[in-house]
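Peer 1:
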Amino acid sequence: MRRCTRLVAMYSAALLLLSIGALAEPEAPCQLTVRVESEQQHSAAGSFNETQVSQQFNMLLSTLVSKINCTLQFVDLPAGRAMKMLEDGQLDIMVGMSETEDRARYSYFIGPHHTERMVVVASQRVPDTVQSLQQLVELNGAISVADGGYYGPLWQQLLDDNPALLSRIFAAAGNQQKLAMLVSGRVMASLEDEATVDELLEQNDLQHTYRKLFVIHENPVYFAFSRKTIDNIVYKQLQDAWQLMLSSGEVSQIKLQIPLAQPRKTDPAVSVASTRHHTYQSF
């Protein structure tokens, strides 16, 4: 009997030690994947991932997910593939995304973290008299856009009215490749976020060869989280954390710490009143 009691005591002590050990084990770290640009392109186009634009977005996102004890894993992906992976739950986050009904089926949106002005950037061989998308597409030459991107109602209407135009559109893997196509002379124009292009043109002294022509649309962009990997509870935590970052001034501090380039002059003649529409996306 004493032996049995002793065995029970030893078994209980072992269970206690195992329990204590389990409690002492650190929880598996939360890591969320986020898409970054693929950059095996023309070196003169610069590195999109090293721009102030990209650094500011990533700092805002990193700070946000840290509020729920998560970190970021940056994944080098082309734009079209990343969009599909976000939808399928193979990627957790994309930045610089416009909120649309279609995207809302598979994404939660936090933000906005940036107001994007999409501009036409062209080579010097495109005349200054080109002041509209219609005039631009009447010229001979290709135009680069991001694969899967949507650039506002004027651009979409132009594509709908001119199906043959699709043969002259180069769907790039991302922002850096779009600019690389322009720098290499393979396209006559590219559709770019003004903040990005202002910085890259200045850094690489390309303003003497390429310039902004006009604005085609403007809209807020967000962090998009995959609904397949982020549940409602975590989404609510992220929303609350973002609002706290806004109200505490943390968002403003980060933007001051990593400021974006001051916009160069663009022709406002076709800066469309795109705030009347809510179906834009930057990508």
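The opening position of the sequence shown corresponds to residue 836 in the working numbering, with each subsequent residue numbered one higher. All residues carry an ideal CB built from backbone N, CA and C; glycine is no exception.
#1: Alpha carbon to alpha carbon, how far is Ala1007 from Leu895? Give it in angstroms, no decimals.
#2: Starting from the C-beta of Arg870, find all residues in its chain whose C-beta is less than 7 Å away, skip the five residues before and the five after it, and write them out in chain order.
#3: What whole-angstrom Cβ distance do Leu1095 and Ala1030 have, given they're in contact under 8 Å?
#4: Which whole-angstrom value describes the C-beta separation of Tyr986 and Leu1026, a residue pair presumed to lie in contact below a C-beta threshold of 8 Å?
#5: Which same chain residues end up closer than 7 Å to Glu1037 when comparing Cβ atoms and leaving out the 5 residues on each side of it in sequence?
#6: Spatial neighbours of Asn904 within its chain, please: C-beta separation below 7 Å, excluding the five flanking residues on both sides.
#7: Can you tell which of Val1056, Tyr1045, Leu1079, Ser979 has the C-alpha that lies nearest to the C-alpha of Lys902?
#8: Can you give me the C-alpha to C-alpha distance between Asn893 and Thr868, rounded to a whole angstrom?
#9: Whole-angstrom Cβ separation of Ala1024 and Val955, contact assumed at under 8 Å?
#10: Rounded C-beta distance between Pro1055 and Pro947? I'm assuming under 8 Å.
#11: Say whether the stretch 1008-1016 touches the stretch 972-983, bearing in mind that this needs 3 or more beta-carbon pairs closer than 8 Å, one atom from each stretch.
#12: Reducing DSSP to helix, strand and coil, say where Tyr1057 ends up.
#13: Classify Lys1071 as helix, strand or coil using the three-state DSSP reduction.
Peer 2: Short version:
#1: 26 Å
#2: Result list for Arg870: Val910, Leu912, Ala917, Leu926, Met929, in chain order.
#3: Between Leu1095 and Ala1030 a beta carbon distance of about 5 Å is seen, short of the 8 Å cut, so the two are scored as contacting.
#4: 5 Å
#5: So the list reads Ala1096, once near-sequence residues are dropped.
#6: Cys865
#7: Leu1079
#8: 12 Å
#9: Correct: roughly 6 Å between the Cβ atoms.
#10: 3 Å
#11: yes
#12: strand
#13: DSSP places Lys1071 in helix when its eight states are reduced to three.
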